[in-house]
Amino acid sequence: MVIGSLQVEHASHPVDRRRRLFASFEVNGFVRHFRRTLVCASACVTAGAFLVPATDSIHGETHRAQELVISEPRINDRIRVPEVRLVGPGGEQVGVVPLKDALRLAEDAELDLVEVAPNAKPPVCKLMDYGKYKYEAAIKARESRKKQANAVLKEIRFRLKIDTHDYETKVGHARRFLSGGDKVKAMIQFRGREQQRPEMGVRLLERLAAELAEVSTVESRPRQDGRNMVMVLAPLRGKAEARREQGAGGRKGRERIDTTKAKPVTNSLADAMPAELKAQASAE
Numbered sequence: 001m002v003i004g005s006l007q008v009e010h011a012s013h014p015v016d017r018r019r020r021l022f023a024s025f026e027v028n029g030f031v032r033h034f035r036r037t038l039v040c041a042s043a044c045v046t047a048g049a050f051l052v053p054a055t056d057s058i059h060g061e062t063h064r065a066q067e068l069v070i071s072e073p074r075i076n077d078r079i080r081v082p083e084v085r086l087v088g089p090g091g092e093q094v095g096v097v098p099l100k101d102a103l104r105l106a107e108d109a110e111l112d113l114v115e116v117a118p119n120a121k122p123p124v125c126k127l128m129d130y131g132k133y134k135y136e137a138a139i140k141a142r143e144s145r146k147k148q149a150n151a152v153l154k155e156i157r158f159r160l161k162i163d164t165h166d167y168e169t170k171v172g173h174a175r176r177f178l179s180g181g182d183k184v185k186a187m188i189q190f191r192g193r194e195q196q197r198p199e200m201g202v203r204l205l206e207r208l209a210a211e212l213a214e215v216s217t218v219e220s221r222p223r224q225d226g227r228n229m230v231m232v233l234a235p236l237r238g239k240a241e242a243r244r245e246q247g248a249g250g251r252k253g254r255e256r257i258d259t260t261k262a263k264p265v266t267n268s269l270a271d272a273m274p275a276e277l278k279a280q281a282s283a284e
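Oh and the sequence shown: position 156 is 156 in UniProt numbering, straight run, nothing missing.
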């Protein structure tokens, strides 16, 4: 509409104005969020940390960011300190030396300089073959997992005023669990005024450990946990070893009888008679 020399536009509908206003807010909010993301990412890169998005295994939705932690020690040129406390390949203490001298010694010996105690002052570094060290550590970890394969923590509960029969029954259960390679958690439950006599619980658990000493060792000493007192016993042999011994015992019980040297079965009473009696009977 033209009024004089001025052109005036019709006022838009209020709903359209609100939509445009909300759209501008959404765009500005996205820009602000994108800028904050860039700032956080640059700060993480500067600090040397990397953020890896954790995704939902089913829907693939990113629900949080987790920090990737590198657990391997620093070696050789990755060590960034002026001096280190050097340990030789055989465990001998060399002393505090500048980092460049430690690196030179490692290069001359064709070994790696590995930071084994980064929090020490100064950090402790050792000369070693890092590849061989990682291989041996993996072998030891695998053997340790085999020894504790399928190990289960069995719980046996006692009362402070337990009678002899129940006590012997529970000791038998614990002995069977420990012989099978499982750990046993012995727990005493206190009631009422019994909580004022913890020394009685300690004596009962120590008696249990003494009776099971031939098949177990005390992994966790008796300790008070609220109304309970707990002690953990570990078996002297692992689960895999116990299974092997049980299998060997079963095979031994099923050994076959050697029949190659057995005497033939007699078909008559005459065959079972001694030779002298046979000769006398034939003479008559």
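Glycine residues also receive a C-beta, built at the ideal position from the N, C-alpha and C atoms.
Check                                                                                                    : Outcome
Buried versus exposed, by CB contacts within 10 Å (16 or more), Glu115                                   : buried
Delimiting residues of the beta strand (DSSP E) encompassing Val171                                      : Careful: Val171 lies outside any beta strand (DSSP E), inside the alpha helix (DSSP H) at Thr164 to Ser179.
Euclidean distance between Cα positions of residue 311 and Pro122                                        : What the structure shows of the chain is the stretch from 1 to 284, and residue 311 is not part of that stretch, so it cannot be assessed.
At least 3 beta-carbon pairs within less than 8 Å: the stretch 85-99 vs the stretch 131-138              : no
Simplified DSSP assignment, three categories, for Ala138                                                 : helix
Near the ligand NAD: His165 beta-carbon under 7 Å from a heavy atom                                      : Of the ligands one can find in the structure shown there are none, so the ligand NAD has no counterpart to examine.
Three-state secondary structure assigned by DSSP to Pro235                                               : strand
C-beta contact flag for Pro222 and Asp182 at 8 Å                                                         : no
Residue range of the unbroken alpha helix (DSSP H) whose run includes Pro118                             : Neither: Pro118 is in no alpha helix (DSSP H) and is coded neither H nor E.
Residues sharing a beta bridge with Pro98, DSSP                                                          : Glu83
Whole runs of the beta strand (DSSP E) within the stretch 179-225, excluding any shorter than 3 residues : 183-189 and 216-225
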